[in-house]
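I have placed the structure first, in the form of structure tokens, so that the comments after it can refer back to it.
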Amino acid sequence: MAEKRWLIPAADKELARELAEACGIDPLVALILSNRGITDPVDIDAFFSEEGEAASPYTLKDMDKAVSRIRMAVENRERIAVYGDYDCDGVTATAILYSCLSDMGADVLYYIPSRSDEGYGMNRDSVEKLRDMQVRLIVTVDNGVSALAETAYAAEVGLDVVVTDHHLPGAELPAALAVVNPHRADCPSPFKDLCGAGVAFKLAAALLGLPCEELFGRYADLAALGTVADVMPLVGENRSIVKEGLRAMRQNPRPGIAALLEAAGIMAEKVQAGNLAFGLGPRINAAGRMGSADRAVRLLLEEDGQTAAILADELQAENVRRQQTEQQIVAEAAARIEERGHAFHRLIVVEGEGWHPGIVGIAAARLMERYGRPCIVLSVDGEKATGSGRSLPGFHLYEALASAGDLLEKFGGHELAAGLTVAVENIEPLRARLNEYAAGLEMPFPTLRLDCKLNPAALSVPLARSLEPLAPFGTGNPAPLFGLLHMKVESVQPLSGGKHCKIFLSRNEAVVQVLAFGVSPADFPFEKGDRVDAAVQLSVNVFRGEESVSVQLRDIRPAAGDPEERLQALRRYETYRRGEWTAADAPKLLPGREDAAAVFRAVRAAPGGKTSLARLCSRLADTLSYEKLRIALDALAELGVLQISTAEGRSYVSVNPASGKVDLQSSRVLAALRDGAKG
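Heads up: the sequence shown begins at 0 in numbering that gives the first Met the number 0, then just goes up one per residue.
Here is the structure:
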């Protein structure tokens with residue numbers, strides 16, 4: 000994975016102690032909350048309240064108009080279409096409102112557009128199709144706020160439209176009978192972070208004339224799934240929705256949820272918010288990405304367990320196919336990026352023929368994690384390419400695309416994600432324009448926000464248990480992340496046949512077992528004796544009735560040296576790789592013969608003649624600058640003495656056993672620097 004900037008807050012232990020006493024909570028929990036900016040005892044009491052709370056649905060602008068028109072349609076037996084979206088939020092929102100209207104005795108159907116054939120939101124063809132099905136009222140969920148032309152067309156052909164959405168509206172709202180969206184500038188709702196399913200949940204409560212709290216048992220599971228899958232912050236009303244939704248899933252899951260949990264290998268009674276994000280959500284999304292989201296809606300509405308199991312198995316198969324397609328696209332894209340020398344571009348644009356358009360967004364996210372910079376992945380089909388981009392906080396992807404809007408046929412999005420359509424002939428100009436735009440900005444590093452440092456001697460089951468009241472965890476309320484600093488690697492051992500590994504770290508007399516999932520011992524970047532900083536999360540593991548602390552690794556870095564200087568040195572090396580260096584830079588970049596020899600000896604001395612780039616940099620940090628080390632590596636790789644490879648997003652260096660003696664002076668890499676130094 001890409002290098003990250005660790006953010007470790009300065010702990011105010013006195014404030015934490017005062018909050019712990021005032022609120023009757025654990026001191027470590029108080030420290031975590033205060034470091035996250037929650038320092039008012041009233042806010043802390045509300046955070047831990049066991050009573051699910053939600054504001055009246057009528058605090059949402061136009062809710063009264065929406066309820067009036069929908070109730071009239073129910074009473075008059077007008078056919079209603081719930082117009083959804085093909086992602087998990089849209090699917091769960093569709094299931095909530097369809098179920099509610101069915102319970103009210105409405106003549107109702109649902110419609111979800113095809114991702115591949117129709118794209119997002121309402122379109123003229125779908126409006127005509129619904130009109131031909133004798134629909135008289137369209138109620139959108141998780142879409143519609145940008146459908147100005149489509150809403151106007153629906154009115155032209157005799158259909159009323161009620162919009163419920165949570166996406167940011169433009170300067171003009173659609174001319175619908177009602178537009179229910181917490182992000183409306185004139186919406187007085189105190190909570191703005193509802194997802195589409197959350198808005199649908201509020202609408203259902205208003206339609207049934209019940210407080211939201213009385214509907215938690217009926218719909219909170221669906222609203223929780225949509226909330227977590229749509230990466231909404233788990234604060235305020237969302238926290239209540241997810242807590243109540245998880246409670247419902249654990250106690251009495253609906254057949255569709257139970258079948259989905261079974262397919263994902265998750266025990267219902269132990270389901271957590273993370274299981275929704277990484278277990279259920281991807282399987283729901285796979286239906287819309289790989290085929291039809293209709294099956295996902297049917298699964299959530301299904302009341303027969305056997306039928307639900309069949310549908311869940313179909314979604315499981317689609318998810319496996321999605322994973323395989325994703326891995327293929329990421330592998331092909333990464334190879335193309337490396338071959339072209341684009342790995343050090345400020346913003347990466349990569350295209351490929353026939354890449355699945357429903358998967359390129361996920362692929363862009365994976366590549367962004369690997370390279371630590373914004374990535375756009377385009378699927379080429381004939382003379383056009385459609386794709387998605389993902390960014391990291393600090394670089395506004397939509398604004399970047401807007402700077403090159405004249406090259407694009409269509410684009411939209413926000414700071415961290417965007418979609419676009421571009422003519423193939425404009426891909427290269429787009430790549431150049433976006434990187435020119437990025438050159439005028441200070442590009443951000445990926446960040447890892449830790450809650451606090453942790454003394455390894457303090458690790459215990461009671462300490463891990465004390466964190467549980469902070470759940471559910473997710474966006475806006477992440478699972479606590481701790482820093483175990485200046486630890487010594489004692490050993491690295493395989494788990495599950497080498498698929499994972501466990502690392503024993505020590506400091507003074509304390510020894511901690513840390514689990515690294517998805518990393519084999521061969522790919523773990525450090526060895527016995529190395530000094531490291533580890534970012535970890537804690538949980539309680541129960542095996543045969545015995546409890547123990549489970550410590551999971553989230554990131555690791557060398558303990559030696561200045562972390563910020565390492566990041567800035569990486570930026571300087573990237574500048575060199577882009578060819579942006581000057582004659583004045585050359586002396587600081589050009590490694591000498593002894594520098595190259597030191598690099599070679601360090602690699603050769605590693606077990607099996609192979610080491611990670613991170614460990615190599617750590618070992619030589621006191622004698623060789625990062626830039627010179629990397630350039631020496633480039634030269635030795637060019638001459639065939641060393642080989643550089645990647646695995647799980649990390650770089651590794653090994654001795655090439657087939658190489659013989661070489662003349663360092665013959666390196667083109669070094670020759671270019673020598674010539675540049677002469678001006």
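Just so you know, even glycine gets a beta-carbon here, dropped at the ideal spot from N, CA and C.
For residue 461, the three-state DSSP class (helix, strand or coil): helix
Whole runs of the beta strand (DSSP E) within the region 481-545, excluding any shorter than 3 residues: 481-494, 499-506, 509-515 and 530-542
Assumed close pair residue 554, residue 31 - CB separation to whole angstroms, cut-off 8 Å: That pair is no contact at about 18 Å.
Complete runs of the beta strand (DSSP E) confined to the region 293-363 [at least 3 residues]: 347-352
When 385, 618 and 635 are compared against residue 661, the one with the closest alpha-carbon: 635
Range covered by the alpha helix (DSSP H) that runs through residue 154: 147-155
Any beta strand (DSSP E) of 3 or more consecutive residues that is wholly inside the region 605-630: 609-611
Strand pairing of residue 557, partner residues [DSSP]: 531
DSSP state of residue 680 mapped onto helix, strand, coil: Residue 680 cannot be examined here, being either before or after the span of the chain that is shown, 0 to 678.
Of the residues 82, 140 and 176, the one placed nearest residue 63, counting alpha carbons only: 176
Residues near residue 631 by beta carbon distance below 7 Å, same chain, minus five either side: 590, 594, 595 and 598
Inter-residue CB distance, residue 575 and residue 626 (contact presumed, cutoff 8 Å): 7 Å
The region 229-236 contacting the region 180-198, beta-carbon criterion three pairs below 8 Å: yes
Beta-carbon proximity check, residue 423 vs residue 379, cutoff 8 Å: yes
Buried versus exposed call for residue 664 [16 or more other C-beta atoms within 10 Å across all chains shown]: exposed
Distance between beta carbons of residue 349 and residue 336, contact taken as under 8 Å: 6 Å
DSSP three-state assignment for residue 225, whether helix, strand or coil: helix
The region 134-147 contacting the region 158-166, beta-carbon criterion three pairs below 8 Å: yes
CB of residue 270 within 8 Å of CB of residue 248, strictly: yes
Buried/exposed call for residue 606, threshold 16 Cβ in 10 Å: exposed
Inter-stretch contact at 8 Å, needing at least 3 Cβ pairs: the region 487-498 / the region 542-549: no
Extent of the continuous alpha helix (DSSP H) to which residue 185 belongs: First-last for residue 185: undefined, no H or E at that position.
Residue 26 to residue 465 span [Cα, whole Å]: 9 Å
Touch test, the region 613-623 against the region 463-477, Cβ-Cβ under 8 Å, three pairs minimum: no
CB contact flag (residue 44, residue 79, <8 Å): no
Any non-hydrogen atom of the ligand ADP closer than 7 Å to residue 210 Cβ: With respect to small molecules bound, the structure shown includes none, and the ligand ADP cannot be examined in it.
Residue 198 classed as buried or exposed, judged by whether at least 16 other C-beta atoms fall within 10 angstroms: buried
Nonlocal neighbours in the same chain, by C-beta distance under 7 Å from residue 342, ignoring five residues either side: 336 and 370
The alpha helix (DSSP H) enclosing residue 426, as first and last residue numbers: 426-438
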